[in-house]
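One structure is given below, encoded as structure tokens.
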Amino acid sequence: MRDELDKLSKLLNQAMGADKPRIARRLRGLREARRPDAQAVASVRKAIEDSIALREKRVAIRPTLVYPSDLPVSGRKDEIASAIREHQAVVICGETGSGKSTQLPKICLELGLGVDGTIAHTQPRRIAARSIARRVAEETQLGYGRAVGAKVRFSDETAPETLVKVMTDGILLAETQTDRMLRRYSAIIIDEAHERSLNIDFLLGYIKQLLPKRPDLKVIVTSATIDPERFSEHFDGCPIIEVSGRTYQVEVRYRPPSGTDDPDRDELASGLVEAVEELERTHPGDSLVFFSGEREIREAARALRKYESRGWEILPLYARLSVEEQQRVFARAGRGRRIVLATNVAETSLTVPGIRSVIDTGVARISRYSHRNKVQRLEVEPISRASAEQRKGRCGRVGPGVCIRLYSEQSYIERPEFTEPEILRTSLAGVILQMKALRLGRIDRFPFVEKPDIRAIRDGYRTLLELGAVDEEEEITPLGERLARLPIDPKIGRMVIEAGEYGCVREVLIIAAALSVQDPRDRPMDRQQQADEAHARFREEESDFLSYIRLWDIVKVEQKKLNQRRMRAWCKDNFLSYTRLREWQDVHRQLRDLAGEIGLRAGSHEALPEAVHRAILPGLVAQVGRKGEKHEYEAPHGVRFHLFPGSALFEAKPAWVMAGEIVRTTRMYARTIAPVQPEWIEKAAMHLVKRTHHEPFWETRRARVNAWERISLYGLEIIPKRKVHYGPLNPQTCREMFIQRALVDGDYKSSAPYVRHNRKLIKEIERMEARLRRKDLLASPRAIYDFFDKRVPHDVYTGEKFERWRRHAEKSEPRLLFMSHEDIVNERP
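Take 6 as the starting number for the sequence shown in this note's numbering and just add one per residue.
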């Protein structure tokens, strides 16, 4: 048997690199066993043979490696290959369109990477991951879904023999939980790193820690020409290779509408039309216009469509559009001039073909989290100079370009150089939780490209404490371990777990999935009234959260009756996004499976609304509000908000609400609302509320001391005045009050023998005082107090406790509480 194990050890050298550590551990276990099990040995042999067969299958794949001569990357291919061969990490920077995304995987294949481990290629967005994978498969003449594939949320188009796997950065991050050393990969390409999303920054830090343990792993970081030195420094001064993507000069013209850098909507619309007309006169061809959001795009489209007689084709482009609608931008249909109205999704992620000019409004909608107010703000801000240059770079690829900036040159000069990374402007609760679950140590010691602000770190821990995911020592709790297994916002995950306690798993999974995706209800600017009328049938007047369940159930009924084509038409008629509905259902399916893994199952009975709302509340304890003056709500941390006008509860305005989110746009709004009771908040935030007690008083009926309790949550008064038993809270004070009121003042009913004896003795002294015409014989109440104080134990502060102690004590000392003349007489007559 030992000879057999020696043979297997040698055979293991021919296996896949990713399989070797796992199989080697099994072999060690067999060697350490006194009598290796023959069946276990056979199982290891099969694992090695299967791994060798897979490796041979991968070696046999022969990709076609031809590099298009018109791509700037192709001209630097040999230099890039040499850098990858000689260094563990390399930074490749260049403008979009230079060929980085499609040619780098081919260079890695030419270097022999992809055999022992797959080439991982990450993208910030799903649409880019799929399109790049298909392009690489086409150029290498390898089948898509086999040797080259893509994996995005809810879709895995890869195979065991896949050499190049293009995926979203979130997918690779999730894989670190099951493959800590990322052994299944021989090379990792982090594409579009300049976007500096949370996922990208987390991956860069994780990989930096991993490289010393994986000297065989190659890492290529690609970036637009935005501060590539920062990535080089992160990887200990690794080489930077710059490839140029723009081939023609771009003229910049500054045209602030009405001569101001802060135009109103009408001035901006007028400035846009003037810019389009100027380009039509001086620089004909397709134009790309950048806006801050969908609403601004719709308003611009309305302004430009007044000029349809000129043959302009107006095409919107933003992330919420369906794939089919986005493809209209890339598939040229007519011969007229195209004007593409886009958000910053077109800055780097998507290359719109044929663009000869750019109009830049100079703003973007940026998400920022306020650690003070606990609010994620989504506000329009001036873009950075780097973003402005990215927008400018969208033209000049097919010929000389023109970029009209609807702001002044002085405004451009005064802008920050770079856009702030997401990690510096978002809640870190989810990042901290994942780091805790992965045992990556403290976030303040993790090698991020840029360390997050200490206030943001404290806030992240505070959020996790609110959810019960970490304890006071900032260590992950069993609840936190369960939360980390749900790949969603920790607040939403907390709702799912609580649903098991209230028997409403089915309902909360639907709501949790809805809160994790974009709202499937469309409300176009030019058809708002029709959309509201169509959506009315989906509305539950008592709760926006329950509206999701109503919509879900109606959609399910329609899906059973209609085929896909008719279902799409039904969605369009009802102002619903078919694509986002499917994504909602996909997220729900994933959540349902994950919930099952942590022991949560949907019940067969419909849950009551109260149960649903009480399950949701623990995830939103910091997002509750009490109605104040002028319909404004007061929330924890001093936040004030209004109900969003689109809420079903906007007119009702309940006394207390919880909100799915609180966002500042034109003002602070709470969206996705449900009514709650203050007692629910108290229970959900038991570990967070502050209790103060005042005005203790004696209650004769129950023979105990009560007090008035005030309960607040981060400064928000939840329970202003509630009568509570004060004894357990302040036993010393209550004991003193009990002795005084019950035993000295006699405000306590008892048939105990000592009571009759003591009363008789006191009356006897009082009669003696009357006979002698003296008022000083009976000792002061203080003397009586001292008598009982010496005898009554320190933990007795109620009539019930007193009687229990007295009965026990009097068994051995029947006259323990019997007073004598010496106890209560000041002097003898």
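Yeah, the Cβ is synthetic: ideal placement off N, Cα and C, and Gly gets one too. All values reported here derive from a predicted model rather than from experimental measurement.
When secondary structure is reduced to three states using DSSP, Phe702 falls in the strand class. Here the alpha carbon of Arg597 sits roughly 15 Å from the alpha carbon of Ile554.
Of the residues assessed, Phe451 falls on the buried side of the cut-off, its CB having 16 or more other CB atoms within 10 angstroms.
Short of 6 Å from the beta carbon of Glu256, and not among the five residues preceding or following it, lie these beta carbons of its own chain, in chain order: Val407. His126 has Val171 and Ile194 as its beta-bridge partners, per DSSP. Listed in chain order, the non-local C-beta contacts of Asp174 below 8 Å within the same chain comprise Thr127, Gln128, Pro129, Ile195, Ser202, Asn204, Ile205 and Leu208, local neighbours out to five positions each way being set aside. DSSP places Thr697 in the strand class (E or B) of the three-state scheme. Linking Pro426 to Glu200 through their CA atoms gives a straight-line distance of about 7 Å. The beta carbon of Leu216 lies closer than 8 Å to those of Gln93, Ala94, Leu222, Val224 and Phe240 in the same chain, with the five residues before and after it left out. In the structure shown, Pro321 falls within a strand segment according to DSSP collapsed to helix, strand and coil. Rounded to the nearest angstrom, the Cβ distance from Ser297 to Val368 is 5 Å, consistent with a contact under 8 Å. When DSSP states are grouped into helix, strand and coil, Met530 belongs to the helix group. In the three-state DSSP reduction, Ser136 falls in the helix class (H, G or I). Boundaries cannot be given for Glu634, as no alpha helix (DSSP H) includes it and DSSP labels it neither H nor E. Separation of the CB atoms of Arg140 and Val157 is rounded to 15 Å, and the pair is thereby denied contact status at 8 Å. In the DSSP secondary-structure assignment, Asn711 is bridged to Phe702 and His730. Taken through DSSP and simplified to helix, strand or coil, His540 comes out as helix.
Contact annotation: Val357 and Leu322 have beta-carbon atoms nearer than 9 Å. With contact defined as three or more Cβ pairs closer than 8 Å, the segment 164-171 and the segment 390-409 are not in contact. The C-beta distance from Ala489 to Gly465 rounds to 14 Å, too long to fall under 8 Å, and the pair is not in contact.
Annotation for Cys739: the continuous alpha helix (DSSP H) segment containing it runs Pro736 to Phe743. Note on Glu304: 16 or more other CB atoms within 10 angstroms of its CB, so buried under the neighbour-count rule. When the beta-carbon positions are compared, Ile112 and Ile85 come within less than 9 Å of each other. Closest option to Ala391, judged by alpha-carbon separation, among Lys218, Ala229 and Leu581: Ala229. The beta carbon of Pro614 sits closer than 8 Å to the beta carbons of Glu547, Ser548 and Leu551 from its chain, once the five residues preceding and following it are set aside; these are given in chain order.
Beta-bridge partners assigned by DSSP to His813: none are found. Out of Ile767, Ala155 and Leu777, the CA that lies nearest to the CA of Pro786 is found in Ile767. The residues His636, Glu637, Tyr638, Arg672, Met673, Tyr674 and Ala675, in chain order, have a CB closer than 8 Å to that of His647 in the same chain once the five nearest residues on each side in sequence are set aside. Taking a 10 Å sphere around the C-beta of Tyr253, we find fewer than 16 other C-beta atoms and assign the residue as exposed. By the Cβ criterion, the segment 727-744 is not in contact with the segment 654-662, since fewer than three pairs of Cβ atoms, one from each stretch, lie closer than 8 Å. Residue burial is scored here from C-beta neighbours: Val71 has fewer than 16 other C-beta atoms within 10 angstroms and is therefore classed as exposed. When DSSP states are grouped into helix, strand and coil, Ser652 belongs to the coil group. Assignment of Tyr259 by DSSP, reduced to helix, strand and coil, places it in the strand class. With fewer than 16 neighbouring CB atoms inside 10 Å of its own CB, Lys561 falls in the exposed class. Judged by their CB atoms, Val729 and Asn711 are nearer to each other than the 9 Å cut-off.
With a minimum length of 4 residues, the unbroken runs of alpha helix (DSSP H) contained wholly in the segment 381-419 fall at 390-397 and 414-419.
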